[in-house]
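S.K.: I am attaching a structure below and will ask some questions about it afterwards.
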Amino acid sequence: MKILVTGGTGYIGSHTCVELLESGYEVVIVDNLCNSKREVVDFIKEITHKEVIFYEGDVCDKELMRKIFKEHKIDAVIHFAGLKAVGESVKVPLNYYRNNIGSTITLCEVMNEFNCKKIVFSSSATVYGSPKELPIKEGFPLSATNPYGRTKLYNEGILTDLYVSDNNWSVALLRYFNPIGAHPSGLIGENPNDIPNNLMPYIVKVATKELKILSIFGNDYQTKDGTGVRDYIHVVDLAKAHVKAIEEVLNNTGVDAYNLGTGQGYSVLELVETFQKVNKVEVPYQIVERRPGDIDACYADPTYAKEKLNWEATKGIEEMCRDSYNFAINYNSKHQN
Ligand code: NAD
Ligand code: UFG
């Protein structure tokens, strides 16, 4: 079975390619490298000892997408490609709508032309807005608080409408909570070029002394220690869920949404302390103002993914911290020489 992975050289995409290849799938990647590097293709090959087909280009480019479908009999698609920085999406919303929604429309049009109607889509827990209750279940009300979140919500709607219009479609909407960690090989992981927006990449850059100090955004939230609580999930666990979702879409039709989290919430301080302990490294921090738009706590009820996909997260917070740091050390040592 051949799977087209859009955004396959990105953080979650690259880990998913590894899991797909290790489960016996063939993988074709399309990525315009706007937020990743070509070397990732070689790292995927190095980890798996398998071949990967790579197209550098934009999912919004219909002729390129047609070429890929002409050259390969694609059985299903995992659609990761997208822009993902919440703050940036507020500043340049049209870029987000054009890229994140435009790519989905172009992709689905071409899939329709080639009668490939099976898709796994990267959604986000952001579609729950500010949840009224915890843990979050898939049936909770959906809303968006920024343009990035709206692109996820619209894409979920577009894919649902597509199924309603043609019941041969099979759609899995995967709502990720907070992916962190890296492949244990240390070859692939998350490595933002700019100053990171997200907590774990920031912690890592402070630990490696690329940045001076971590700012913790608020310690007066309604949580165990006052700092924000999130459901961190190891990216390898997340990647494995995509293999289960692919099996599901290959064997069934319909639309379904799944929460992909561990079900456990950890505070910012707990994450920082665990990171320092397992990696034996200092992460200096200061408490600063709350970041606008942040919520107190967010964690999943992942029961449905367990029941329907036979998937659950197995890796704990210590492994997440260790693998994130290990990747950074490995990456930095390679790129300094
Ligand atoms: P990432 O930026 O590492 O990966 C996305 C990849 O898509 C990049 O390699 C980028 O170059 C590529 N890309 C972007 N637009 C493209 C286009 N038009 N055509 C071709 N390639 C394009 O991000 P990630 O963390 O791996 O996230 C993958 C998906 O999961 C995204 O859709 C993101 O919104 C979603 N998601 C991520 C998180 C998270 O915290 N990382 C949480 C929830 C959802
Ligand atoms: N935080 C800090 N300092 C930092 C960065 C973050 O204290 O430098 C705190 C935040 O206030 C929050 C927690 O760390 O309490 C996690 O923040 P992240 O930015 O890592 O993650 P978010 O939960 O805010 O957002 C992430 C993704 C979004 C996605 C959302 C819901 O970035 O794209 O999860 O899944 F929508």
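Residue 251 is where the sequence shown starts when you use the numbering used here, and the numbers rise one by one after that. For glycine and all other residues, C-beta sits at the position ideal for the given N, C-alpha and C. Note that this is a predicted model, so its numbers are computed, not measured.
Please classify residue 278 as buried or exposed, where buried requires at least 16 neighbouring CB atoms within 10 angstroms.
M.R.: One-based indexing of the sequence shown puts residue 278 at position 28. With 16 or more other Cβ atoms within 10 Å, it is buried.
S.K.: Going by the beta-carbon positions, is the gap between residue 448 and residue 537 smaller than 9 Å?
M.R.: Counting from one through the sequence shown, the residue named residue 448 turns up at place 198. Counting from one through the sequence shown, the residue named residue 537 turns up at place 287. For residue 448 and residue 537, no; Cβs fall outside 9 Å.
S.K.: Might you give, ordered along the chain, the residues of its own chain that have their beta carbon closer than 7 Å to the beta carbon of residue 540, omitting 5 neighbours on each side?
M.R.: Stepping through the sequence shown from its first residue, residue 540 is reached at position 290. Closer than 7 Å at Cβ, skipping near neighbours: 467, 468.
S.K.: Using the three-state DSSP reduction, which class does residue 589 fall into: helix, strand or coil?
M.R.: The shown model of the chain, from 251 to 587, leaves out residue 589, and the question about it has no answer.
S.K.: Would you grab the beta carbon distance between residue 269 and residue 492 for me? Rounded to a whole angstrom, and I think it's under 8 Å.
M.R.: Within the sequence shown, numbered from 1, the residue matching residue 269 stands at position 19. Within the sequence shown, numbered from 1, the residue matching residue 492 stands at position 242. That belief holds up - the Cβ atoms of residue 269 and residue 492 are roughly 7 Å apart, short of 8 Å.
S.K.: Whole angstroms are fine: how far does the CA of residue 271 sit from the CA of residue 438?
M.R.: The residue given as residue 438 occupies position 188 in the sequence shown. The residue given as residue 271 occupies position 21 in the sequence shown. Cα-Cα distance, rounded: 15 Å.
S.K.: Given that a residue counts as buried once 16 or more other Cβ atoms are within 10 Å of its Cβ, and exposed if not, what is residue 411?
M.R.: For the purposes of this step, residue 411 is taken as residue 161 along the sequence shown, with counting starting at 1. Looking at its Cβ environment, which holds fewer than 16 other Cβ atoms inside 10 Å, residue 411 is exposed.
S.K.: Report the rounded CA-to-CA distance for residue 428 versus residue 392, giving the unit in angstroms.
M.R.: The count along the sequence shown starts at 1 and reaches residue 428 at position 178. The count along the sequence shown starts at 1 and reaches residue 392 at position 142. Their Cα atoms are separated by approximately 18 Å.
S.K.: Can you have a look at residue 320 and say buried or exposed, based on whether 16 or more other CB atoms are within 10 angstroms of its CB?
M.R.: Reading the sequence shown from its first residue, position 70 is the one you call residue 320. Residue 320 is exposed by the Cβ-count criterion.
S.K.: Thinking C-alpha only, which one of 296, 325, 297, 584 is nearest residue 499?
M.R.: Your numbering for residue 499 matches position 249 in the sequence shown. Considering only alpha carbons, the answer is 325.
S.K.: Could you tell me whether the region 359–374 touches the region 321–340, where touching means 3 or more Cβ pairs closer than 8 Å?
M.R.: Cβ pair count under 8 Å is three or more, so yes.
S.K.: Nearest CA to the CA of residue 452: which residue from 534, 366, 425, 514?
M.R.: As a first step, residue 452 must be located in the sequence shown, where it is residue number 202. Comparing Cα positions, the closest option is 534.
S.K.: Can residue 322 and residue 351 be called in contact, C-beta distance under 9 Å?
M.R.: As a working mapping, residue 322 is identified with position 72 in the sequence shown. As a working mapping, residue 351 is identified with position 101 in the sequence shown. Going by C-beta atoms, residue 322 is not nearer than 9 Å to residue 351.
S.K.: Can you grab the Cα-Cα spacing for the pair residue 357 / residue 404, in whole Å?
M.R.: Position 107 of the sequence shown holds residue 357. Position 154 of the sequence shown holds residue 404. Near 15 Å, if we compare the C-alpha coordinates of residue 404 and residue 357.
S.K.: Going by DSSP, what residues sit across from residue 371 in a beta bridge?
M.R.: Counting from 1 along the sequence shown, the entry for residue 371 is found at position 121. Residue 371 is bridged to 329, 423.
S.K.: Just how far apart, CA to CA, sit residue 502 and residue 414?
M.R.: Taking the sequence shown and counting its residues from 1, the one referred to as residue 502 is at position 252. Taking the sequence shown and counting its residues from 1, the one referred to as residue 414 is at position 164. Roughly 15 Å separates the two Cα atoms.
S.K.: Just to confirm before moving on: does the CB-CB distance between residue 436 and residue 577 stay below 9 Å?
M.R.: Here residue 436 refers to the residue found at position 186 of the sequence shown. Here residue 577 refers to the residue found at position 327 of the sequence shown. Taking 9 Å as the Cβ cut-off, residue 436 and residue 577 qualify as a contacting pair.
S.K.: With a CB to CB cut of under 7 Å and the five nearest residues on each side skipped, what residues in its chain are close to residue 529?
M.R.: Within the sequence shown, residue 529 is the residue found at index 279, counting from 1. Contacts found: 457, 571, 572, 575.
S.K.: Can you give, in chain order, each stretch of the alpha helix (DSSP H) that sits fully within the region 420–460 and has at least 4 residues?
M.R.: Listed in chain order, the complete alpha helix (DSSP H) runs (minimum 4 residues) inside the region 420–460 are 449–457.
S.K.: With C-beta atoms as the reference, is residue 396 less than 9 Å away from residue 543?
M.R.: Along the sequence shown, one-based indexing puts residue 396 at 146. Along the sequence shown, one-based indexing puts residue 543 at 293. Their beta carbons are under 9 Å apart, which means residue 396 touches residue 543 by this criterion.
S.K.: Exposed or buried, residue 288, counting other C-beta atoms within 10 Å across all chains shown (16 or more means buried)?
M.R.: Against the sequence shown, residue 288 aligns to sequence position 38. Exposed, by the Cβ-count rule.
S.K.: Counting only the same chain and skipping the five closest in sequence on each side, list residues whose C-beta sits under 6 Å from that of residue 367.
M.R.: Along the sequence shown, one-based indexing puts residue 367 at 117. Within the same chain, residue 367 has close Cβ partners 418, 419.
S.K.: Given this structure, state the Cα-to-Cα distance separating residue 552 from residue 561, to the nearest angstrom.
M.R.: Here residue 552 refers to the residue found at position 302 of the sequence shown. Here residue 561 refers to the residue found at position 311 of the sequence shown. Cα to Cα, the separation comes out at about 9 Å.
S.K.: Express the C-alpha separation of residue 479 and residue 472 in angstroms, rounding to a whole number.
M.R.: Residue 472 sits at position 222 when you count from the first residue of the sequence shown. Residue 479 sits at position 229 when you count from the first residue of the sequence shown. Roughly 9 Å between the two C-alpha positions.
S.K.: Are residue 636 and residue 315 touching if we call contact CB-CB under 9 Å?
M.R.: Beyond the ends of the chain as shown, which are 251 and 587, falls residue 636; an answer cannot be given.
S.K.: Could you pull the start and end residues of the beta strand (DSSP E) that residue 276 belongs to?
M.R.: Position 26 of the sequence shown holds residue 276. Element bounds for residue 276: 276–281.
S.K.: Could you spell out where the beta strand (DSSP E) holding residue 252 opens and where it closes?
M.R.: Taking the first residue of the sequence shown as 1, we reach residue 252 at position 2. Where residue 252 is concerned, the enclosing beta strand (DSSP E) stretches over 252–256.
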